[in-house]
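Asker: Supplied in structure tokens, the structure appears directly below.
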Amino acid sequence: MNIKQIRLDSFGPYENWTFTSGPNGVQLVYGANESGKTSLLEGMRSLLFGGKHKKYGYVSGSLELDKEGTAYHLGRQNKNLDFYSFGEPSIKDEPNQLWWHGLDKKTYNRIFGLTLEDLQGVDILNEVDVRARFFGAEGGEQLGGVVKSIETNANDLLVASASGKRRINVLIDQLQENKARLSALGEHETQYVELQQALKASEDTEAEIQNQIKEWQDYREGVEMVLRAWDTYRRSEEARRRMQQFTSPDTLDRDAFLSIDEGLREARQNMQLWLDKEEALKPENFDPNSPFTTYGQDIEDLIQQGAKWEQLRRECEEGEAYIAKVKEQLDFSRGLQSSWRKDESVPTDVNWFEGERLSKRLRTAKDQLLYWQSQAPSLQKEPKISEDSSSVDTGENSPVNTWAQQELQAVMTDIADLESRLGEHGSIRMAAMPIWLQRIGGIGAVVGVLMSLAGLIALESVLYSIGGIILLILGLGLFWYGWRLRHVDDSDVARLMRELERLQQRKSYLETQLDAPLPVASDVPNLETAAIEQRYNDEGKQLQANYEKALAEWQAWIPEGAAKSLDEDDFFSMKHEYDQYSEQLRTIEGYEKRLDEHKESLRLIEDQAVTLWYNLGVEAPVSPTELKRIYNQYKNFQQQMIRWEQKESQRKSYRMEYDNWHRKEKELLLEQKALLEKSGLSGANEYRQKLIDEDQFKQWETIYKQSQVQLDLLTPDGENKDLFYRRLREGNKENWTDELTHADQELNARKDAMANLYEKRGQIVEAMRALGSDQEQREAIQQRQELESELESALEDWATQVVIAHCMERAQQSYEEESQPKMLELASQYIKRLTNGAYTFDMWGLQDGLALLNERGERLPIYHWSSGLADQVYLALRLALAKVFSYQVDALPIILDDILVRFDEDRQKSALELLAELGEHQQIWLFTCQQQVYYMGQAIAGIDTHILQRA
104 MNIKQIRLDS FGPYENWTFT SGPNGVQLVY GANESGKTSL LEGMRSLLFG
154 GKHKKYGYVS GSLELDKEGT AYHLGRQNKN LDFYSFGEPS IKDEPNQLWW
204 HGLDKKTYNR IFGLTLEDLQ GVDILNEVDV RARFFGAEGG EQLGGVVKSI
254 ETNANDLLVA SASGKRRINV LIDQLQENKA RLSALGEHET QYVELQQALK
304 ASEDTEAEIQ NQIKEWQDYR EGVEMVLRAW DTYRRSEEAR RRMQQFTSPD
354 TLDRDAFLSI DEGLREARQN MQLWLDKEEA LKPENFDPNS PFTTYGQDIE
404 DLIQQGAKWE QLRRECEEGE AYIAKVKEQL DFSRGLQSSW RKDESVPTDV
454 NWFEGERLSK RLRTAKDQLL YWQSQAPSLQ KEPKISEDSS SVDTGENSPV
504 NTWAQQELQA VMTDIADLES RLGEHGSIRM AAMPIWLQRI GGIGAVVGVL
554 MSLAGLIALE SVLYSIGGII LLILGLGLFW YGWRLRHVDD SDVARLMREL
604 ERLQQRKSYL ETQLDAPLPV ASDVPNLETA AIEQRYNDEG KQLQANYEKA
654 LAEWQAWIPE GAAKSLDEDD FFSMKHEYDQ YSEQLRTIEG YEKRLDEHKE
704 SLRLIEDQAV TLWYNLGVEA PVSPTELKRI YNQYKNFQQQ MIRWEQKESQ
754 RKSYRMEYDN WHRKEKELLL EQKALLEKSG LSGANEYRQK LIDEDQFKQW
804 ETIYKQSQVQ LDLLTPDGEN KDLFYRRLRE GNKENWTDEL THADQELNAR
854 KDAMANLYEK RGQIVEAMRA LGSDQEQREA IQQRQELESE LESALEDWAT
904 QVVIAHCMER AQQSYEEESQ PKMLELASQY IKRLTNGAYT FDMWGLQDGL
954 ALLNERGERL PIYHWSSGLA DQVYLALRLA LAKVFSYQVD ALPIILDDIL
1004 VRFDEDRQKS ALELLAELGE HQQIWLFTCQ QQVYYMGQAI AGIDTHILQR
1054 A
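This note's numbering runs 103 ahead of the 1-based position in the sequence shown.
Structure follows, in structure tokens:
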């Protein structure tokens, strides 16, 4: 946490005063005597922790704080707290409760906010709050708080003083007074004495049951202790197993390997440094080994085909759209054909020569048959009808009628098909409304002409002229489209109407043939008439047979997809429609062939582009636009290559530096290889793994030792530790749980017996009360019983508090023994820095008192320290405590007021250098009245210097 700004509205000599800190970690503030340095220190303390100053009263002001990148405002107006983060709701808790785990102002003043007077002495190491907060590891602070709370509770119950006024002391005095009062009362009756004896016996029984309860409680506590120690013991065994796993018989030269490793790291960092400098010479986004160097000519060649590429792509797209449109029109026109069915495909090969021959043959047979029918002989009817006379069959089953009916049915089917087509065409025509399209187009064209003339002549506006031209073009296009629709529709409808008229004429003719009666033979034929009739009938049968044969051959020839009702007269219309369709189909095939040629040319160009894209590593789709972008990049690359070649000499010098460090890296690698061969390991990673195994061994060893310490604390007093470990090793947690349940059951039974005893005793007491000599005696007896019961309860509470305090104090001492050497080791390093290497702490002689070791290893006790050396030792202790607190909780600002006055100049400089180093991670405020310290701080990096001015 850092203090960014101090504002004191009213505190001592400061009124509406503001001070802003610098960017460095150490803020050195110079001020002469009586300039207000100590008052500023007190103001900063009061702003951080609040409270009333004994001289200046309550503070009014604020601090601007920065904690982990978040800005906070901490303001105080007398007793009111104004604490918030900018843009967030107000914070009700004090900072010490929110951030510093309840650190009080007194402890802060002893560690962080120091004057020269506060600095003196090492008694701070024995204070409970300091020991709990700064030496407690893994809960030491909580242990210290619990110990203090237990001691306070025990002292509230009993004090070792005759005049003590605690609860137990008062009860003892009251009980003695009660006994004296009872002894002064009158004689007791025999029965009262017997009741007293019974009461005494109940007390003995109570003591016996209490002893049994105590024994079972002790047994239960032992089982509970074993259960609590079970997890710790398992962790200890796991740590020992891990220690055996990571124990290595090899002795590794850690320092040599780490030195080589550090040299390799330095060499590689410098190699990267010079490589980065070489890279910095390159133009931005430039790589001299870019694929542009190899494939630049391919880009040039492809860019020359760019216009052709775009044209081919455009022509292919337009050609596909045109062919699709032509095919659509072809399908539409085929639907209007009368000779071919639109639900079947048109055959590709038709023998039209054979079809023409068969149609002529059918027409000849048909004409002969019709001629035969028209030349029927006129026979005279005779009065008699000859039953065995032969005549031509004129009924419904005659060959002529059968053929006419079949032909009439086929014609009617074709008429229905044509009428349905005309109905569909009429609906399409109504939906298209070509006449309205023509009218709208004509009006638009006229308006476009008027706008163009107005823009050129009257308004002289280019936009009006362009808009008029566009409107004119759109109007003409719309007019042409409507005219084309009408023209196409009219031609198609006319053709369908002509075909429908022909079929209706054919239908009328066939109906006439079916309705016309054939010539009937005379009822009384003679021989000549019979011969003529017979010859006529034979000729009709022969012509009918010829016609049916020709009709069968014609229908067998009709191509697949043609209308089955076609006769010989439809041959040329069918062939005409077929030729027209084939011609349109060949035209489409020609278009498709040319389109395929364009596509092949386009494919060759795009294949070349795909290959180029792959070589350049481009993932974008292949397109002329992307080619232009790549070409622009290539041109930019050529320009950057020219600039790069101009900086070649400087690059070579950087490359030389890189090579030097590269050679050093190789030398270090050879040394590392020799070290690896000496140790018998295959690689550096394996060596590092061995070192890591050593570190893990030490970590598991620490865990093992901590577990052993905890097991020692959990070992019941008076019990052999080895026997306790054997119980843990050979025991079973389930059995211990069962034993704990059994102990609870026994305790409950004893408590039930105790309840019954208390009930019996109550009856005795009631009888004794009834037998009391007078009311005063009964009241005295009742008071004695109440006092004895209350005293017994208070003594049990006191004994419990004492036992718990003893156990917790031992646990706290164990935690402190683990953590305190770490702080002292850190303080020893600071003493060595402050004394320029002259002294360090005697870490191994702490049991003989605090002392220093000089460079020769001689011990210097505390009573031989000079005042300046003592200040340096005390400062090192405070700095180490503050550092330990920063590890565990937070890096609080350290405020030092004139603590360097008894340092010589060399050690003042060493102290400032140490403070500047610590200031990199923790803000330090140093107030001084010495100018040489002020000037000395200006010459040291990491220190901001200020001159204190209240006005």
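Using N, Cα and C, we set each Cβ at its ideal position, and we do this for glycine too.
Using a 10 Å radius around the Cβ and a threshold of 16 neighbouring Cβ atoms, would you call Tyr966 buried or exposed?
Answerer: Start at 1 with the first residue of the sequence shown, and residue 966 comes out as number 863. When all chains shown are included, Tyr966 counts as exposed.
Asker: Note the first and the last residue of the continuous alpha helix (DSSP H) segment covering Ala979.
Answerer: Numbered from its first residue, the sequence shown carries residue 979 at position 876. Counting along the chain, the alpha helix (DSSP H) containing Ala979 begins and ends at 970-991.
Asker: What are the residues that DSSP puts in a beta bridge with Leu955?
Answerer: As a first step, residue 955 must be located in the sequence shown, where it is residue number 852. The partner list for Leu955 (beta bridge, DSSP) reads Phe944, Leu963.
Asker: Out of Trp901, Gln975, Asp404, point me to the one whose CA is closest to Arg936's CA.
Answerer: Numbered from 1 along the sequence shown, position 833 holds the residue referred to as residue 936. Selected option, being the one with the closest Cα: Gln975.
Asker: Under the assumption that Gln753 contacts Leu384 (Cβ atoms under 8 Å), give the Cβ distance between them as a whole number of angstroms.
Answerer: On the sequence shown, residue 753 is found 650 positions in, with the first residue counted as 1. On the sequence shown, residue 384 is found 281 positions in, with the first residue counted as 1. Their Cβ separation, rounded to whole angstroms, is 6 Å, which keeps Gln753 and Leu384 in contact under 8 Å.
Asker: What separation, rounded to the nearest whole angstrom, lies between the Cα atoms of Gln375 and Tyr757?
Answerer: Numbered from 1 along the sequence shown, position 272 holds the residue referred to as residue 375. Numbered from 1 along the sequence shown, position 654 holds the residue referred to as residue 757. For Gln375 and Tyr757, the distance between alpha carbons rounds to 11 Å.
Asker: Quick check on Tyr942: buried or exposed, where buried means 16 or more other Cβ atoms within 10 Å of its Cβ?
Answerer: The residue given as residue 942 occupies position 839 in the sequence shown. Result: buried.
Asker: Out of Phe988, Leu953, Leu361, state which residue places its alpha-carbon closest to the alpha-carbon of Leu772.
Answerer: Residue numbering aside, residue 772 sits at position 669 when the sequence shown is read from its first letter. Of the candidates Phe988, Leu953, Leu361, the one whose C-alpha sits nearest the C-alpha of Leu772 is Leu361.
Asker: Which runs of the beta strand (DSSP E) fall wholly inside the segment 107-181 and span at least 3 residues, in chain order?
Answerer: Runs of the beta strand (DSSP E) inside the segment 107-181: 117-123, 129-133, 163-170, 173-180.
Asker: From Met328 to Tyr990, what does the alpha carbon distance come to, in whole angstroms?
Answerer: Numbered from 1 along the sequence shown, position 225 holds the residue referred to as residue 328. Numbered from 1 along the sequence shown, position 887 holds the residue referred to as residue 990. Their Cα atoms are separated by approximately 33 Å.
Asker: Using DSSP's beta-bridge definition, name the partner residues of Gly216.
Answerer: The residue you call residue 216 lines up with position 113 of the sequence shown. For Gly216, which the question treats as bridged, DSSP gives the partners Ile998.
Asker: Output yes or no for whether 7 Å exceeds the beta carbon distance between Leu982 and Tyr933.
Answerer: Position 879 of the sequence shown, counted from the first residue, corresponds to residue 982. Position 830 of the sequence shown, counted from the first residue, corresponds to residue 933. Cβ atoms of Leu982 and Tyr933: closer than 7 Å.
Asker: From Gln1034 to Gly134, what distance separates their C-alpha atoms?
Answerer: Taking the first residue of the sequence shown as 1, we reach residue 1034 at position 931. Taking the first residue of the sequence shown as 1, we reach residue 134 at position 31. Rounded to whole angstroms, Gln1034 to Gly134 spans 9 Å at the Cα level.
Asker: Under three-state DSSP, which class holds Asn183?
Answerer: Counting from one through the sequence shown, the residue named residue 183 turns up at place 80. The answer is strand: DSSP assigns Asn183 an E or B state.
Asker: As an exercise, report each continuous alpha helix (DSSP H) stretch of at least 4 residues that is fully enclosed by the segment 331-396, in chain order.
Answerer: Here the runs fully enclosed are 357-383.
Asker: Report the residue ranges of all alpha helix (DSSP H) runs contained in full by the segment 707-761; include only those spanning at least 4 residues, in chain order.
Answerer: DSSP runs (the alpha helix (DSSP H)) wholly in the segment 707-761: 727-749.
Asker: Can you tell me whether Glu703 is buried or exposed? The criterion is at least 16 other CB atoms within 10 Å of its CB, across all chains shown.
Answerer: Counted from its first residue, the sequence shown places residue 703 at position 600. So Glu703 counts as exposed.
Asker: So, is the C-beta of Phe675 closer than 7 Å to a C-beta in chain C?
Answerer: Protein chain content of the structure displayed is limited to a single chain, and chain C is not contained in it.
Asker: Go ahead and pull the three-state DSSP assignment for Glu919.
Answerer: Translated into positions along the sequence shown, residue 919 becomes position 816. Because Glu919 carries a pLDDT of 49, less than 50, the predicted location of this residue cannot be relied on, and no value is offered for it.
Asker: DSSP state of His845, grouped into three classes?
Answerer: Position 742 of the sequence shown holds residue 845. Helix at His845.
Asker: On the three-pair Cβ rule with 8 Å, is the segment 1021-1041 touching the segment 123-140?
Answerer: As far as the Cβ criterion goes, the segment 1021-1041 touches the segment 123-140, which means the pair count is three or higher.
Asker: Can Leu521 and Leu613 be called in contact, C-beta distance under 7 Å?
Answerer: By one-based count along the sequence shown, residue 521 stands at place 418. By one-based count along the sequence shown, residue 613 stands at place 510. Cβ distance not < 7 Å, so Leu521 and Leu613 don't count as in contact.
Asker: Closest by CA to Asp358, which one among Leu794, Asp1047, Val906, Leu860?
Answerer: Counted from its first residue, the sequence shown places residue 358 at position 255. If we check each option's Cα against that of Asp358, Leu794 comes out closest.
Asker: Tell me, please, whether the segment 182-195 touches the segment 954-962 by the rule of three or more beta-carbon pairs shorter than 8 Å.
Answerer: With a cut-off of 8 Å, the segment 954-962 and the segment 182-195 do not count as touching, because too few Cβ pairs lie within range.
Asker: Give me, in chain order, the residues of the same chain whose beta-carbon lies closer than 6 Å to that of Val992; leave out the 5 immediate sequence neighbours on both sides.
Answerer: As a first step, residue 992 must be located in the sequence shown, where it is residue number 889. The residues are Trp203, His204.
Asker: Considering Trp1028, what are the terminal residues of the beta strand (DSSP E) in which it resides?
Answerer: Within the sequence shown, residue 1028 is the residue found at index 925, counting from 1. Its beta strand (DSSP E) spans residues 1027-1031.
Asker: Would you decide whether Glu317 is buried or exposed? Buried here means 16 or more other CB atoms lie within 10 Å of its CB.
Answerer: Within the sequence shown, numbered from 1, the residue matching residue 317 stands at position 214. In the sequence as displayed, the identity of residue 317 is Lys instead of Glu. Exposed: under 16 other Cβ atoms inside 10 Å.
Asker: With a cut-off of 8 Å on the beta carbons, I'd call Lys558 and Gly547 a contact; round off their distance for me.
Answerer: Residue 558 sits at position 455 when you count from the first residue of the sequence shown. Residue 547 sits at position 444 when you count from the first residue of the sequence shown. Looking at the sequence shown, residue 558 is not Lys but Gly. Not really, about 16 Å apart at Cβ, beyond 8 Å.
Asker: If you measure between the beta carbons of Asn127 and Asp1047, is that distance less than 7 Å?
Answerer: Here the question's residue 127 lines up with position 24 in the sequence shown. Here the question's residue 1047 lines up with position 944 in the sequence shown. Yes, these two residues count as a Cβ contact at 7 Å.
Asker: Hey, how far is the Cα of Leu817 from the Cα of His845?
Answerer: Within the sequence shown, numbered from 1, the residue matching residue 817 stands at position 714. Within the sequence shown, numbered from 1, the residue matching residue 845 stands at position 742. Looking at the two C-alpha atoms, the distance is approximately 22 Å.
Asker: For Tyr650 versus Leu472, is the C-beta spacing smaller than 7 Å?
Answerer: One-based indexing of the sequence shown puts residue 650 at position 547. One-based indexing of the sequence shown puts residue 472 at position 369. Yes. Within cutoff.
Asker: Quick check on DSSP: helix, strand or coil for Ser193?
Answerer: For this step, residue 193 is matched to residue 90 along the sequence shown. If DSSP states are grouped into helix, strand and coil, Ser193 belongs with the strands.
Asker: Where do the ends of the alpha helix (DSSP H) carrying Asp1047 lie?
Answerer: Sequence index remark: in the sequence shown, residue 1047 carries index 944 (1-based). Not the alpha helix (DSSP H): Asp1047 falls in the beta strand (DSSP E), residues 1046-1050.
Asker: If contacts are defined as beta-carbon pairs under 8 Å, then Leu705 and Arg416 qualify, I think. What distance do you get, rounded to the angstrom?
Answerer: Here residue 705 refers to the residue found at position 602 of the sequence shown. Here residue 416 refers to the residue found at position 313 of the sequence shown. The Cβ separation is near 6 Å, so the contact holds.
Asker: Leaving out five residues before and five after Asp491 in sequence, what residues of the same chain have Cβ atoms less than 6 Å from its Cβ?
Answerer: As a first step, residue 491 must be located in the sequence shown, where it is residue number 388. With a pLDDT of 37 at Asp491, under the threshold of 50, the predicted position of this residue should be treated as unreliable, and no value is reported.
Asker: Run the CB neighbour count on Gly242, radius 10 Å, all protein chains shown included, and call it buried at 16 or more, exposed below.
Answerer: Within the sequence shown, the letter at position 139 stands for residue 242. Low local confidence applies: a pLDDT of 43 at Gly242 is under 50, so the model's placement there is unreliable, with the coordinate-based value given in what follows. Exposed, since its Cβ has fewer than 16 Cβ neighbours within 10 Å.
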